[in-house]
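J.:
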Amino acid sequence: MKMRLSQLLGSFAITIALLTVLEVVTATVLPALGWYEYRLTFNVLIIIFLAIRLDSPIVPWMVMSLQVVHSLFSVEGWALGTFAGLIVMTSANYLKEVLHLTSALITMLTVQLFQLIWYVTVTMIICLKISNFDKFGMIIWSFIPGSILLSMISPLLFWTMEKIWRVPSEGGPRGVEI
Amino acid sequence: MKLIQESSKTKIVNNLIVGMLAVYGISQKQFNLSEPSLFHQVVTEVISPVQEGLANSKKSLSSLWDNYLSIVNTSKENNVLRKQISRLESDLTSMEEMRKENLRLKRLLTFTDEQPYNKIMAQVVGWDSSNEFKVIRLNKGTKHGIRTMAPVVTDHGLVGYVYRATENYSDVLTILDQNNRVDIVVERTRTHGIVEGVFNFKCALKYITRNEPVEVGDKLITAGVGGIYPKGLKVGMITDITKENFGMTLSIEVVPSVDFDKLEEVLVLTPLDSGKSASILPTQSPVIEEKKI
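Residue numbers (numbering that gives the first Met the number 0), protein chains in the order written: chain P, 0 to 177; chain C, 0 to 292.
1) Following a CB-centred definition, is C:S26 positioned closer than 7 Å to any heavy atom of the ligand MG?
2) Using a Cβ-Cβ distance under 8 Å, would P:G145 count as near chain C?
3) So C:L53 contacts chain P; which residues on that side make the cut at Cβ distance below 8 Å?
4) Do C:G223 and C:K230 have their C-beta atoms closer together than 8 Å?
5) For C:T241, which residues of its own chain have a beta-carbon under 6 Å away from its beta-carbon, when the five flanking residues on both sides are left out?
6) Identify the contact partners of P:M123 in chain C, using a Cβ-Cβ distance below 8 Å as the criterion.
7) May I have the straight-line CA-CA distance separating C:Y162 from C:N130, to the nearest angstrom?
8) Of the residues P:F48, P:K128, P:P56, which one's Cα is nearest the Cα of C:N13?
9) Rounded to the nearest angstrom, what separates P:I138 and P:T122 at their Cα positions?
10) Give a yes or no on whether 8 Å exceeds the smallest Cβ distance from P:F113 to chain C.
11) By Cβ distance, which residues of its chain are closer than 6 Å to C:V134, with the 5 residues on each side in sequence left out?
12) Which residue wins for smallest C-alpha separation from P:T159, given the options P:N131, P:L17, P:N92?
13) With a 10 Å radius around its C-beta and 16 neighbouring C-beta atoms as the bar for buried, classify P:R52 as buried or exposed.
14) Check whether the Cβ of P:I152 lies closer than 8 Å to any Cβ atom in chain C.
15) So which of C:F38, C:S93, C:N77 has the shortest CA-CA distance to P:S70?
16) Report the rounded CA-to-CA distance for C:I174 versus P:L127, giving the unit in angstroms.
17) In this structure, how does DSSP classify C:E44 when only helix, strand and coil are distinguished?
18) Considering only the beta carbon of each residue, do P:F82 and P:E22 sit closer than 8 Å?
19) Strictly under 8 Å for the Cβ-Cβ distance: is P:I129 near chain C by that measure?
20) Using a Cβ cut-off of 7 Å, pull out every chain P residue sitting near C:T43, in sequence order please.
21) Mind checking which residues open and close the alpha helix (DSSP H) that includes P:H69?
22) Could you tell me whether the Cβ atoms of C:N117 and C:T269 are closer together than 8 Å?
23) Quickly, what does DSSP pair C:Y160 with across the bridge? List them, please.
24) Residue range of the beta strand (DSSP E) that C:T241 falls in?
25) From C:L157 to C:Q83, what distance separates their C-alpha atoms?
26) Whole angstroms is fine: what's the gap from C:E51's alpha carbon to C:M97's?
27) Which residue wins for smallest C-alpha separation from C:Y206, given the options C:D182, C:L87, C:N199?
28) Looking at chain C, which residues of the region 76–97 of chain P have a Cβ within less than 7 Å of any of its Cβ atoms?
29) Mind pulling the chain P residues with CB within less than 7 Å of C:I25?
30) Strictly under 8 Å for the Cβ-Cβ distance: is P:P172 near chain C by that measure?
31) Of the choices P:I152, P:M151, P:A50, whose alpha-carbon is the least far from that of P:N92?
32) Can you give the Cα-Cα distance for C:D239 and C:L204, rounded to whole angstroms?
33) Could you work out which residue in P:R38, P:W34, P:V67, P:G9 is closest to C:V17 when comparing CA atoms only?
34) Pick from C:G192, C:H143, C:F200, C:N138: whose alpha carbon is nearest that of C:T208?
35) Alpha carbon to alpha carbon, how far is P:T19 from P:L100?
36) Could you spell out where the alpha helix (DSSP H) holding P:V20 opens and where it closes?
Below, the structure written as structure tokens:
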């Protein structure tokens, strides 16, 4: 299924708006309600969706744009997540023949797997930047509780994203070609 | 066939370009200090008021929720009375909140008299949305005299320092963050060490040799070296000491004196001569001069 440029721009604008709202929820609403310890990194979830479900040469640029939005709410910046996003995309590309998100459980497990790839990449870069690999395990561990929660939310978010991107939900490996 | 090949070529080229940009971005990234780009400044100024509004509505939201819960399942006859009670309770809650806020501000003000700095009171409006960074956003910026590297405190002790600032908002790298290292002195033994953020809202005290007589319960204060934090600010307390069978130093766990779960207002300390025209980044070095009255 092919997508027109105008459709693409519309869907992408809605995705950016959704990410902004979710970032505000993570950065302000949840801490205001007493949720301090673990962050729900919705940018990761949205980028994993784009990596798995869209087949387009411009996805890397979309990943970068989403990370720029994320950098407004985090000192992480855009580059780290963009790099991790590209690694996730490449991995998804290699696994595309076996990726079929046919049930909520499979979606959760797939998302957990890709989150793990994301966090290992990000942690390795952070450890390289701070020249201290002693913290590798500790940083990875700090991601785990939030990532499990995100995986549990993922079927709902993927369903929403499928509506935004008009991807058929029965789901082959690649929903939309742009 | 040709089309598929071309599309795949475009994908590779796009991946390479974005990948190279990302690698360049990572190489330029500093996790302990940042000057916000114009884009970042503009968008932060647009988004942060929403965050501020949501942070401020916390009290009214919880009061609204309490009222809703109290009204559910009441009979019609009691509705008027209950509503009245709810209103009074809500007023009482607001007054209690105001009383607590007054108390906190009073304590902050008493505390600030001891510090030879300009004190800028600011409210916490958000937290960093990534797991690996412990950063808070304040509702004051360069317009109010805040500058990067300025220490941030409460009456309980050290919070962190200003990592980046826009005109009306600033981000503070807290002592819980792994990129923030604080030079400290153990109050009782005068032993020097470095406090680093770990995770789970705790810190680690590093470079304390095995023969140092530090104990659980020892209080840590800033050493005043390093050019960011003034001397004598409370940092935390030792809660656990582990002597490994190897290595020259102790493994020490520290609980910060500031309760980050309940952080609402903070004070940003700027040098007394720093006016509102203070630049975003220090021009020569990040060292802040300590000037007494």
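C-beta: ideal position from N, C-alpha, C; glycine also.
T.: Checking against the coordinates, here is how it stands:
1) Absent from the structure shown: the ligand MG. Ligands present: none.
2) True, the Cβ-Cβ gap to chain C drops below 8 Å.
3) V23, T27, V28, A31
4) yes
5) S250
6) What P:M123 touches in chain C: nothing, since even the nearest Cβ is about 11 Å away.
7) 17 Å
8) P:P56
9) Looking at the two C-alpha atoms, the distance is approximately 7 Å.
10) no
11) Take C:V134, set aside five residues on each side of it, and the residues of its chain with a beta-carbon closer than 6 Å to its own are D127, D170, L172, in chain order.
12) Taking only the C-alpha atoms, the option nearest P:T159 is P:L17.
13) Of the other Cβ atoms in all chains shown, 16 or more fall within 10 Å of the Cβ of P:R52; this residue is therefore buried.
14) So no, P:I152 is outside the interface.
15) C:F38
16) Distance between the alpha carbons of C:I174 and P:L127: 21 Å.
17) If DSSP states are grouped into helix, strand and coil, C:E44 belongs with the helices.
18) Contact flag unset, no.
19) yes
20) Within 7 Å Cβ-Cβ: L71.
21) 58–70 is the span of the alpha helix (DSSP H), which, as asked, contains P:H69.
22) yes
23) C:P150, C:L172
24) 233–241
25) One C-alpha to the other measures close to 43 Å.
26) 18 Å
27) C:D182
28) G76, W77, A78, L79, T81, F82, L85
29) A78, L79, F82, I124
30) Per-residue confidence for P:P172 stands at a pLDDT of 47, beneath the threshold of 50, marking its modelled position as unreliable; the derived number appears in the next sentence. It does not: the Cβ of P:P172 has no partner Cβ on chain C nearer than 8 Å.
31) P:A50
32) 10 Å
33) P:V67
34) C:G192
35) Taking C-alpha positions only, P:T19 is separated from P:L100 by approximately 26 Å.
36) 4–23
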